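Peer 1: Using the numbering used here, you'd call the opening residue of the sequence shown number 296 and step up by one each time.
Glycine included, C-beta positions come from ideal geometry on N, C-alpha and C.
None of these values were measured; they are calculated from a predicted model.
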Amino acid sequence: MEGRTWTLTLAICVALGVCWSPAAEAKEPASPAIEKIRAQYQKATQNGGQELYQTVLEVNPGRLPAPGVGVFFKRARFFFAWPGGSAGNLIRAEIDAEIAAPQYHEEYLFEDLGEEGGQGALIFAHVQGGPEEREERYYFDKKTLVRVVQGKKTIDKPAASQGEQARDVQRRAERVLAAFRALQTMPP
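#1: Rounding to the nearest angstrom, what Cα-Cα distance links residue 409 and residue 476 in this structure?
#2: Might you give, ordered along the chain, the residues of its own chain that have their beta carbon closer than 6 angstroms to the beta carbon of residue 414, omitting 5 neighbours on each side?
#3: CB residue 388 to CB residue 373, shorter than 8 angstroms?
#4: Please state the DSSP three-state secondary structure of residue 408.
#5: Give the straight-line distance between the Cα atoms of residue 404 and residue 337, rounded to the nearest whole angstrom.
#6: In chain order, which continuous runs of the alpha helix (DSSP H) of length 4 or greater are located wholly inside the segment 315-367?
#7: Does the Cβ of residue 286 have 16 or more other Cβ atoms within 10 Å, making it buried, or fewer, making it exposed?
#8: Identify the continuous beta strand (DSSP E) that holds residue 420 and give its terminal residues.
#9: Measuring CA to CA, which of 391, 376, 419, 353 is closest to residue 333?
#10: Which residues does DSSP list as the beta-bridge partners of residue 371?
#11: Give the single residue among 474, 449, 421, 356 whose Cα lies nearest to the Cα of residue 393.
#12: From residue 320 to residue 370, what does the alpha carbon distance come to, in whole angstroms?
#13: Express the C-alpha separation of residue 453 and residue 343 in angstroms, rounding to a whole number.
#14: Have a look at 429, 353, 346 and flag the residue whose alpha-carbon is nearest the alpha-carbon of residue 448.
#15: Using the C-alpha atoms, what's the distance from residue 362 back to residue 331?
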């Protein structure tokens, strides 16, 4: 009878959603740097990014097969601010690709310096997909890695190996920024 009581208690607990779980515990408040990144991300993605200027570049939009690869497609969306008289400042970039079977999605968020102008540093990156179907998020404060989220696991004290992965993400973000700058210098 005791086993039935436990089972009934557990069933009621689950039905009411009051069982203890790690997710139900109160979470520690995020650091001010993480909160600032979240706020800027929400602002940069509000209404699909319509508050920012946009440039969209597609490579092989008809998805014709590439020799030795198969399906090949890339789309880069650049969202930027244009403070008085300066060159555009990249705020966010989305890169989507299909290369053979794997699909990729990468997103980069750069610090918005507002009317001060100038290009802000990378503060957030989201890398998803590929053959291993990974999903990772990297948070930076003044170019220093402060948080990594791998799948559903949050790491606020990243290990050295994650630091190397973060440097790779920073290098890719630099190439994205260079591509954005190159598009701005194209003749009319």
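Peer 2: Based on what the coordinates show:
#1: Start at 1 with the first residue of the sequence shown, and residue 409 comes out as number 114. Start at 1 with the first residue of the sequence shown, and residue 476 comes out as number 181. Looking at the two C-alpha atoms, the distance is approximately 18 angstroms.
#2: To locate residue 414, count along the sequence shown from 1; it is residue 119. Excluding sequence neighbours, residue 414 sits near 384.
#3: On the sequence shown, position 93 is the one that residue 388 refers to. On the sequence shown, position 78 is the one that residue 373 refers to. Yes, Cβ-Cβ distance for residue 388 and residue 373 is below 8 angstroms.
#4: Locating residue 408 in the sequence shown gives position 113, counting from the first residue. Residue 408: coil per DSSP, three-state reduction.
#5: Taking the sequence shown and counting its residues from 1, the one referred to as residue 404 is at position 109. Taking the sequence shown and counting its residues from 1, the one referred to as residue 337 is at position 42. In a straight line, the C-alpha of residue 404 is about 11 angstroms away from that of residue 337.
#6: Runs of the alpha helix (DSSP H) inside the segment 315-367: 327-340.
#7: Residue 286 lies beyond the range of the chain shown here (296 to 483); nothing can be said about it.
#8: Residue 420 sits at position 125 when you count from the first residue of the sequence shown. Where residue 420 is concerned, the enclosing beta strand (DSSP E) starts and stops at 417-424.
#9: For this step, residue 333 is matched to residue 38 along the sequence shown. Nearest of 391, 376, 419, 353 to residue 333, Cα basis: 419.
#10: The count along the sequence shown starts at 1 and reaches residue 371 at position 76. The bridge partners DSSP lists for residue 371 are 352, 390.
#11: If you number the sequence shown from 1, residue 393 lands on position 98. Of 474, 449, 421, 356, the residue nearest in Cα terms is 356.
#12: Against the sequence shown, residue 320 aligns to sequence position 25. Against the sequence shown, residue 370 aligns to sequence position 75. Low local confidence applies: a pLDDT of 37 at residue 320 is under 50, so the model's placement there is unreliable, with the coordinate-based value given in what follows. Cα-Cα distance, rounded: 40 angstroms.
#13: Position 48 of the sequence shown, counting from 1, holds the residue named residue 343. Position 158 of the sequence shown, counting from 1, holds the residue named residue 453. Counting only the Cα atoms, residue 453 lies some 31 angstroms from residue 343.
#14: By one-based count along the sequence shown, residue 448 stands at place 153. If we check each option's Cα against that of residue 448, 429 comes out closest.
#15: Sequence index remark: in the sequence shown, residue 331 carries index 36 (1-based). Sequence index remark: in the sequence shown, residue 362 carries index 67 (1-based). Residue 331 and residue 362 have their alpha carbons spaced roughly 45 angstroms apart.
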